[in-house]
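Numbering (our numbering), first residue to last: 113 to 695.
One structure is given here, and the rest of the page talks about it.
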Amino acid sequence: MNKLNSVSAALRSTAAIKAMLVLGSAALPALASAQVAPGTLPSREQVQPQVPETAPPPLQVRVDGRKAFRETPCAFETATNPVTIDRLRFTGNGGAVLPPEILSLLAGIEGTGGQQPLSAVCDIRDRANAALRDAGYIASVQIPPQEITGNELALVVITAKLVDVRVAGKPGRYADLVAARAERLKGIDPFNQHEAERLLLVAGDVPGLDVQLSLSPAGTVPGEVVGTLTVAYSPYALIGNVQNYGSRSIGRETAYLRAEAYGLTGMADSTYVGLSTTLDTDEQQVFQLGHSFGVDPDGTRVEGSFTYAWSQPDVGILDVRSRSLVGTLAVSHPLVRTGLRNFNLSGGLDFVEQRTRFFGLPLTRDKLRIAFLRLDGNLVEPDEGYGYALSGGIELRRGLDIFNATERYEEAPEGWTPSRIFGDPTATVLRLDLDSQVKLNSIFTVSNSVRAQYASQPLLNYEEFSVGSLSIGRGYDPGANGGDSAIGTRSELRAAAYRTTNVAAEVFGFVDNAWIWNKDRITTEKERQLGSIGFGTRVSLPGNLFLEAMYAHPMDRALSTDAKRAPDRFLVSLTAQFAPRAR
113 MNKLNSVSAA LRSTAAIKAM LVLGSAALPA LASAQVAPGT LPSREQVQPQ
163 VPETAPPPLQ VRVDGRKAFR ETPCAFETAT NPVTIDRLRF TGNGGAVLPP
213 EILSLLAGIE GTGGQQPLSA VCDIRDRANA ALRDAGYIAS VQIPPQEITG
263 NELALVVITA KLVDVRVAGK PGRYADLVAA RAERLKGIDP FNQHEAERLL
313 LVAGDVPGLD VQLSLSPAGT VPGEVVGTLT VAYSPYALIG NVQNYGSRSI
363 GRETAYLRAE AYGLTGMADS TYVGLSTTLD TDEQQVFQLG HSFGVDPDGT
413 RVEGSFTYAW SQPDVGILDV RSRSLVGTLA VSHPLVRTGL RNFNLSGGLD
463 FVEQRTRFFG LPLTRDKLRI AFLRLDGNLV EPDEGYGYAL SGGIELRRGL
513 DIFNATERYE EAPEGWTPSR IFGDPTATVL RLDLDSQVKL NSIFTVSNSV
563 RAQYASQPLL NYEEFSVGSL SIGRGYDPGA NGGDSAIGTR SELRAAAYRT
613 TNVAAEVFGF VDNAWIWNKD RITTEKERQL GSIGFGTRVS LPGNLFLEAM
663 YAHPMDRALS TDAKRAPDRF LVSLTAQFAP RAR
């Protein structure tokens with residue numbers, strides 16, 4: 113049977129006829145683009161609940177080299193004798209040759225540029241120290257006793273060498289990992305704070321482990337230092353959330369609980385179990401299970417996850433039930449890892465199955481096997497009064513015809529049909545996400561988020577861009593509309609309203625917009641724009657509680673066939689996080 117006949121057969125199938133009953137006569141023109149009413153089949157965001165937002169943790173990895181060298185004042189600070197210095201000669205302690213990277217860094221330091229008071233040598237020393245410090249080197253530039261002849265100034269550069277690392281605290285199951293990390297720190301010569309921070313940040317990426325390093329003189333030869341590696345280990349964490357961001361059909365109010373255990377195998381591992389349920393337990397439940405572990409000391413990780421969701425949307429007297437299964441296997445590796453700049457590369461395979469039954473009879477079934485490659489990162493520029501943070505990623509996804517994946521235009525013998533008649537299970541999808549925060553002053557911050565997607569062909573339900581309160585479009589039900597290709601924006605103006613030691617509150621106003629395009633041959637949602645506006649507040653409370661409340665006003669009808677736009681919504685989310693005190 114050729115593709116045209118296959119499509120015709122699918123449209124005449126029992127499942128398609130049942131889909132018309134679900135849609136109702138008003139939606140019959142959209143049959144080719146959707147076999148079930150929008151919002152009836154769970155969107156990707158509803159099947160895969162994200163970890164609820166909590167108050168951002170402080171930066172917990174720090175290298176403190178302030179005590180590595182004893183500060184000494186410049187002996188010539190008040191000297192007024194005239195001196196001309198045209199050349200600088202840098203050597204190591206005792207006349208040793210400096211490493212090439214140090215010499216290259218100091219090559220840009222210039223002399224006095226003519227006759228100057230002798231105190232100018234202090235400025236030269238300070239500029240050399242600043243150059244080393246900015247490059248991350250723990251070092252001290254000193255002016256040895258000398259007679260300046262030939263307009264040449266000799267300076268001695270003493271670089272830090274870590275000769276011993278003492279561990280403070282209890283690393284728990286990570287004792288071997290911490291010991292190996294300490295040995296790698298000792299191998300950094302000359303000692304560079306940025307390189308040490310990368311090692312510690314990778315160690316700090318180990319779930320449940322926080323580390324800090326402080327340096328002090330060893331009391332032996334100049335430059336030798338000892339490090340104190342302070343380690344804090346938390347074996348588990350619990351996160352709970354209740355919110356009313358859900359859809360009318362699948363359930364407004366949802367409760368979520370996630371338990372995470374760290375270091376069960378000692379392989380820099382994390383294991384989690386999550387459970388989400390609508391407060392009306394007949395509507396939807398989601399079960400999540402995942403495990404990740406490190407495979408090398410450079411931060412490469414392997415992760416596997418499994419999600420299973422049961423949904424029974426409230427569509428009047430009709431009995432529609434869906435089951436969703438998502439499995440993911442992925443590998444990730446940090447390309448750049450510093451306290452302010454990070455880039456990560458990951459890739460893997462998604463295994464997705466979604467089935468919907470109508471009064472117990474087969475309706476739709478999607479089986480997707482999707483390979484993906486993702487590059488993401490973030491940049492932070494902290495400042496007391498002004499600063500910014502950028503984060504984002506780009507992801508390439510391609511459906512594969514493996515492991516009994518759904519065929520395009522497929523009608524299975526049992527009566528199953530794809531969720532979108534023209535959907536292509538092997539389509540290529542390019543996704544982009546970008547988040548920015550710009551701190552204007554001590555009170556106001558501007559936040560913007562962009563989510564974009566381009567699809568080469570019409571997509572099945574799980575891969576579509578979803579509009580709603582769980583993605584882009586606060587005020588619309590999750591999955592209220594969607595597209596094969598889309599651009600979505602979330603913009604906020606935030607104002608710090610209150611701050612004490614234990615409580616911080618901000619108020620904000622927002623504007624959300626989504627532009628969607630569908631490639632289906634027959635659809636009422638070929639090209640749409642949906643917007644919403646509103647305001648709200650976020651509050652960090654004592655006891656690791658985080659509250660978000662907002663009023664959202666949708667500005668458009670969710671579907672072109674809707675008689676009117678959806679009513680305004682008051683959205684509330686409360687998150688609690690508990691972890692034992694790090695020890």
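The beta carbon of each residue, even a glycine, is placed where N, CA and C say it ideally should be.
Straight-line gap, residue i to residue j (C-alpha atoms, nearest Å)
| i | j | result |
| --- | --- | --- |
| Q424 | L325 | 53 Å |
| E519 | R532 | 12 Å |
| F463 | W422 | 17 Å |
| G177 | A349 | 32 Å |
| R278 | G411 | 23 Å |
| P692 | V318 | 17 Å |
| M132 | L437 | Annotation note: pLDDT 44 at M132 (below 50); position unreliable, coordinate value reported separately. Near 25 Å, if we compare the C-alpha coordinates of L437 and M132. |
| D680 | M667 | 9 Å |
| I255 | E336 | 19 Å |
| D547 | V333 | 49 Å |
| S155 | G648 | 25 Å |
| T261 | P229 | 16 Å |
| D381 | A608 | 37 Å |
| G223 | P302 | 25 Å |
| V343 | D288 | 13 Å |
| E637 | E307 | 52 Å |
| A62 | R453 | There is no way to answer for residue 62, as the model of the chain reaches only from 113 to 695. |
| G375 | V338 | 28 Å |
| I429 | H403 | 41 Å |
| F355 | L508 | One detail in the question is off: residue 355 reads as Gln in this sequence, not Phe. Their Cα atoms are separated by approximately 32 Å. |
| S118 | G472 | In this prediction, S118 scores a pLDDT of 43, lower than 50, which makes its location untrustworthy; the coordinate-derived value is nonetheless stated afterwards. Approximately 24 Å, taken between the alpha carbons. |
| R611 | Q549 | 19 Å |
| N263 | V195 | 8 Å |
| Q569 | L491 | 34 Å |
Identity of the residues DSSP links to residue i by a beta bridge
| i | result |
| --- | --- |
| I555 | Its beta-bridge partners do not exist; DSSP assigns none. |
| W528 | None; W528 has no bridge partner. |
| G352 | L369 and A688 |
| V337 | L274 and P329 |
| K479 | E465 |
| G405 | Rather than Gly, the amino acid found at residue 405 in this sequence is Phe. BP columns for F405 point to V414. |
| S444 | R413 and S458 |
Exposure label - residue i; buried when at least 16 CB within 10 Å
| i | result |
| --- | --- |
| F622 | buried |
| Q466 | buried |
| N557 | The question names Asn, yet the displayed sequence has Thr at residue 557. Buried. |
| G511 | buried |
| S359 | buried |
| G406 | buried |
| Q160 | buried |
| G580 | buried |
| D495 | exposed |
| A138 | The predicted model places A138 with a pLDDT of 37, which falls under 50 and marks its position as unreliable; any figure quoted below should be read in that light. A138 is exposed by the Cβ-count criterion. |
| D394 | exposed |
| N193 | exposed |
| T271 | buried |
| F577 | buried |
| E565 | According to the sequence as given, residue 565 is Gln; it is not Glu. Classification for Q565: buried. |
| Y357 | buried |
Whether residue i touches residue j by CB criterion (9 Å)
| i | j | result |
| --- | --- | --- |
| I197 | L265 | yes |
| N573 | G535 | yes |
| E309 | G248 | yes |
| G460 | T440 | yes |
| A688 | I351 | yes |
| G560 | S603 | Residue identity differs from the one stated: residue 560 is Asn in this sequence, not Gly. Taking 9 Å as the Cβ cut-off, N560 and S603 qualify as a contacting pair. |
| L683 | L659 | no |
| V314 | R486 | no |
| F181 | I250 | yes |
| Q305 | L582 | no |
| I362 | T390 | yes |
| L311 | R293 | yes |
| R413 | T468 | no |
| I645 | A664 | yes |
| V562 | G600 | yes |
| T419 | Q400 | yes |
| V290 | G204 | no |
| V385 | E415 | no |
| A678 | G587 | yes |
| A232 | L218 | no |
Anticipated Cβ contact below 8 Å, residue i with residue j, distance rounded
| i | j | result |
| --- | --- | --- |
| D589 | W629 | With 8 Å as the limit, D589 and W629 do not qualify as a contact, their Cβ atoms being about 21 Å apart. |
| V619 | L653 | Not quite, the Cβ-Cβ distance comes to about 16 Å (not below 8 Å), so this is no contact. |
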